[in-house]
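Trainee: Residue numbers (my numbering): -2 to 217. For every residue, glycine included, the Cβ atom is placed at its ideal position computed from N, Cα and C. Quick one: this structure, given as structure tokens, is what I'll be asking you about.
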């Protein structure tokens, strides 16, 4: 979506494949910790299958906080703002040049239509920005507490705790773990609630297409 031709040339299938391969390699390197550091049937840990040493736990918690949570959200924010900025620049370059018209009613109608179009575009940009920021804040709020809880469990792993304290900490850990799982399905509802008319209209159009296809299949 960039107006810069050099940047558009970088958007190729080959570069996309390279990026996907790099992400797969990095993900495999991070997941190697699960083979080296995790052990089953542990006690005094939030989960039965957990990290067996404190060093492994600290490295895993930092990787989870930085690579799994903060880096994706930061990249989402950067690229989201860049896309919105590129769309605005492209739209500004494609705006028609106003032409003087002798007929005053026609000129007023043209000006009114142009103002309405610009107002719609500003509303769309505003909805996109709201949708982007709300998504990042909600995902951060649902996932980052789990990273804090994991790091706290690692730091206090060697402490002597009562049965009630262990139960409370395990409950909080599992609650934050549930929030992290909820974050995977929450973007759809964020788009629906904050995406404005654009996203809701796309959803309604998709539903109408599916309904028409089902009716055609029944008629056949």
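Can you have a look at residue 66 and say buried or exposed, based on whether 16 or more other CB atoms are within 10 angstroms of its CB?
Mentor: With a 10 Å radius around the Cβ and a threshold of 16 neighbouring Cβ atoms, residue 66 comes out buried.
Trainee: Where does the unbroken alpha helix (DSSP H) through residue 186 begin, and where does it stop?
Mentor: From DSSP, the alpha helix (DSSP H) with residue 186 extends over 184 to 191.
Trainee: Mind reading off the beta-carbon distance from residue 125 to residue 81? Whole number of angstroms is fine, and I expect it under 8 Å.
Mentor: 6 Å
Trainee: Could you check the C-alpha separation between residue 36 and residue 58 for me, to the nearest Å?
Mentor: Near 16 Å, if we compare the C-alpha coordinates of residue 58 and residue 36.
Trainee: Beta-carbon separation of residue 176 and residue 139 under 8 Å?
Mentor: yes
Trainee: Pick helix, strand or coil for residue 156, following the three-state DSSP scheme.
Mentor: coil
Trainee: Leaving aside the five residues before and after residue 127 along the sequence, list all residues of the same chain whose C-beta is less than 6 Å from its C-beta, in chain order.
Mentor: For residue 127, where only same-chain residues beyond five positions count, the Cβ hits under 6 Å are 191.
Trainee: Would you identify the three-state DSSP class for residue 48, choosing helix, strand or coil?
Mentor: strand
Trainee: Hey, residue 173 and residue 146 are a contact pair by Cβ (cut 8 Å); roughly how many whole angstroms apart?
Mentor: Contact between residue 173 and residue 146 holds: CB atoms are separated by about 5 Å, below the 8 Å threshold.
Trainee: Check the C-beta distance from residue 51 over to residue 154 and give it rounded, since I have them as a contact under 8 Å.
Mentor: 6 Å
Trainee: For residue 35, which three-state DSSP category applies?
Mentor: strand
Trainee: If you run the structure through DSSP and keep just helix, strand and coil, what is residue 43?
Mentor: coil
Trainee: What are the boundary residues of the alpha helix (DSSP H) that residue 2 is part of?
Mentor: Run containing residue 2: 2 to 7, per the alpha helix (DSSP H) assignment.
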